[in-house]
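Here is the structure we will look at.
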Amino acid sequence: MEREDQRMNAFIELLKLIFGIRTPKTESHHTPTRGDSPVIPVVPHESPSGISAQEWEIGLAIVDLEARRDSNGHLSVYRLPSNDGGGSEEIAGINSKYHPEELAKLKTMAPPLREEAAARYIENYTRRMTGLSESSNLRKGTELFVLDTTFNRGGGGSAWVVQTALRSLGFSVIRDRLWGPLTRKALIEADRKFDRQIIDRLRSARESYERNVIGYRANLWRGLVNRWDHVRDLSLKWNELESPAKASLPSPGSGSEPSRIVLPREGTNSLNEFYGTASPTGNYLEWFSFPVANVRLYSRRGASLSDRTGNGLDDHRCHSKVRNQLEAALSAVYQALGKGQFEKEGWHIYGGCFNYRKKRGGSSLSTHSWGIAIDINPEENPFHGTDTTFSGKAIDIMEEHGFLSGGRAWGKDWMHFQAAIPHVTSGSYYASHGLPANVQSASLAS
Ligand SMILES: [Zn+2]
């Protein structure tokens with residue numbers, strides 16, 4: 095008995111050595127939601143028997159995304175907030191409601207032994223739900239995102255997310271919440287065809303699922319957003335490592351010929367005709383996502399904002415017709431400027447998009463009513479302000495994607511970009527330079 099204890103202790107010490115290289119995350123007492131601590135790069139040691147290297151890395155990554163750790167860096171038991179939906183407690187997301195047996199098993203294990211068991215369990219569980227096998231040849235980052243979604247939301251939830259993302263990329267899959275051969279086949283095809291976009295769409299669909307199917311929960315939202323952003327960033331990084339050639343393709347903002355964009359002229363009739371009739375409920379909207387993790391919501395009190403009549407700033411919805419372009423535009427600005435300059439100009443400060451309301455000081459509807467205008471960094475580019483923090487290069491990229499600048503049209507309101515041809519004020523940039531060459535009016539297009 096005693097000898098066995100000694101052997102066990104030696105084994106635990108060995109494991110401590112192996113896992114000790116990872117920075118421990120300690121339990122947070124301030125924010126009772128998962129996902130609010132930074133992602134620690136996974137440093138996998140050799141995969142144990144019965145599990146491939148890729149499976150092992152994915153399993154460990156999900157454990158790491160979910161983990162609450164004690165001061166030694168070992169997985170600890172975490173008590174869940176009452177509306178978490180996963181029961182009363184968990185270890186690395188393995189909770190008492192959905193995984194009671196596994197949780198009980200993990201609790202009896204010495205903390206250093208939990209990591210491998212949890213990684214194996216999660217890997218196995220999520221693969222069974224999706225029917226994805228390693229031979230499906232998904233890129234590792236894409237597979238991570240899908241299996242991670244499955245772990246959080248079950249097979250039905252992840253099928254919904256994947257099917258929503260696929261439909262937004264033009265695949266005609268049915269959103270039946272089932273993992274069948276057609277869904278898997280389309281996912282593999284999309285993964286080959288779309289480099290970053292597939293991950294961005296999955297990220298965006300995951301947020302839609304939470305809002306539209308599970309329901310918005312204020313106390314958990316920030317943690318969830320961080321959690322989704324972390325797994326997106328890791329997935330993109332893994333995919334990039336796998337396809338360096340694809341990752342370095344020039345972005346639309348770096349010299350390639352901008353494609354022709356047809357836009358309606360501003361004005362209620364013209365916009366209703368092109369985008370459908372504006373409505374307070376916005377049944378034409380879709381969620382979009384920012385290309386960066388640290389989007390800040392503009393919230394200065396008393397400021398004139400596009401969200402004033404009540405759509406919260408966490409409402410990242412725009413018209414479904416412009417969604418792809420908006421995401422591509424922000425992504426291209428990010429790629430062209432780099433993180434430092436992007437944040438210096440304040441492109442990560444979101445001032446609102448959809449808002450059914452009249453123009454400020456006017457009687458006709460604002461372009462925000464259709465969800466085709468976005469306000470960026472209103473803090474430093476205020477309504478009626480004549481100065482801007484945005485570089486010409488960045489504004490050009492927005493235009494190439496069909497978002498024309500309020501500042502260039504009216505000499506003020508630089509926060510505002512819209513997918514409609516504005517009325518141009520004399521003396522403005524567009525008055526002297528003309529509208530961007532790639533933009534064509536819908537009323538002239540045959
Ligand atoms: Zn605006």
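One point on numbering: in my numbering, the residue at position 227 of the sequence shown is 321, and numbering is uninterrupted. C-beta atoms are modelled at their ideal positions from N, C-alpha and C, and glycine is treated no differently.
May I have the straight-line CA-CA distance separating residue i from residue j, to the nearest angstrom?
i      : j      : result
Asp490 : Asn418 : 18 Å
Met492 : Ser520 : 22 Å
Phe511 : Ala372 : 18 Å
Ser227 : Tyr378 : 37 Å
Arg321 : Ser535 : 41 Å
Trp441 : Gly376 : 25 Å
Ala531 : Pro358 : 15 Å
Asn366 : Ile185 : 52 Å
Gly347 : Cys447 : Confidence is the limiting factor: at Gly347 the pLDDT is only 41, short of 50, which leaves the residue's position unreliable and the question unanswerable from this model.
Leu529 : Leu272 : 47 Å
Ile293 : Phe265 : 15 Å
Leu328 : Leu318 : 15 Å
Thr243 : Gly251 : 8 Å
Ser141 : Arg222 : 20 Å
His542 : His462 : With the chain running from 95 to 540 in the structure shown, residue 542 is simply not present.
Pro385 : His410 : 12 Å
Ala488 : Glu494 : 10 Å
Ala513 : Arg247 : 35 Å
Val547 : Asn475 : Nothing can be reported for residue 547: it is not among the residues displayed for the chain, which extend from 95 to 540.
Val49  : Lys453 : A question about residue 49 goes unanswered here, because the residues of the chain that appear run from 95 up to 540.
Asp289 : Ile282 : 12 Å
Lys234 : Ser537 : 46 Å
Val267 : Pro275 : 11 Å
Pro516 : Ser458 : 14 Å
Ile355 : Tyr303 : 31 Å
Arg451 : Pro374 : 8 Å
Trp464 : Lys415 : 10 Å
Trp504 : Leu335 : 44 Å
Arg541 : Ser143 : Outside the shown range of the chain (95 to 540) lies residue 541, about which nothing can therefore be said.
Ala253 : Tyr524 : 46 Å
Tyr219 : His193 : 10 Å
Arg305 : Arg316 : 13 Å
CB of residue i to nearest heavy atom of ligand 1: below 6 Å?
i      : result
Ala467 : yes
His478 : no
His517 : no
His510 : yes
With residue i and residue j assumed to form a contact (beta carbons below 8 Å), what rounded beta-carbon distance in angstroms separates them?
i      : j      : result
Ser190 : Glu183 : 5 Å
Leu263 : Gln291 : 7 Å
Glu149 : Glu217 : 5 Å
Thr236 : Asn333 : 6 Å
Ile468 : Leu431 : With 8 Å as the limit, Ile468 and Leu431 do not qualify as a contact, their Cβ atoms being about 17 Å apart.
Gly180 : Leu174 : 6 Å
Ala211 : Met203 : 6 Å
Arg261 : Arg269 : 7 Å
Gly77  : Asp507 : Nothing in the structure corresponds to residue 77, since the chain is present only between 95 and 540.
Leu241 : Ile145 : Their Cβ separation, rounded to whole angstroms, is 13 Å, which puts Leu241 and Ile145 out of contact at 8 Å.
Ile470 : Tyr444 : 7 Å
Leu424 : Val325 : Actually they are not in contact, since the Cβ atoms of Leu424 and Val325 sit about 20 Å apart, beyond 8 Å.
Ile466 : Tyr369 : 6 Å
Phe245 : Ile156 : 6 Å
Glu160 : Gly187 : 3 Å
Pro205 : Asp164 : 7 Å
Glu437 : Phe484 : Actually they do not touch by this definition, with Cβ atoms about 12 Å apart.
With a threshold of 7 Å between beta carbons, is residue i in contact with chain B?
i      : result
Thr202 : Of the chains in the structure shown, none is chain B; there is only one protein chain.
Ranges of the alpha helix (DSSP H) found wholly within the region 494-532, counting only runs of at least 4: 500-504, 523-527
Return the chain-ordered ranges of every beta strand (DSSP E) run that is complete within the region 250-287 and spans a minimum of 3 residues. none
Ignoring anything shorter than 4 residues, give me the alpha helix (DSSP H) runs that lie fully in the region 180-251, in order along the chain. 194-202, 205-224
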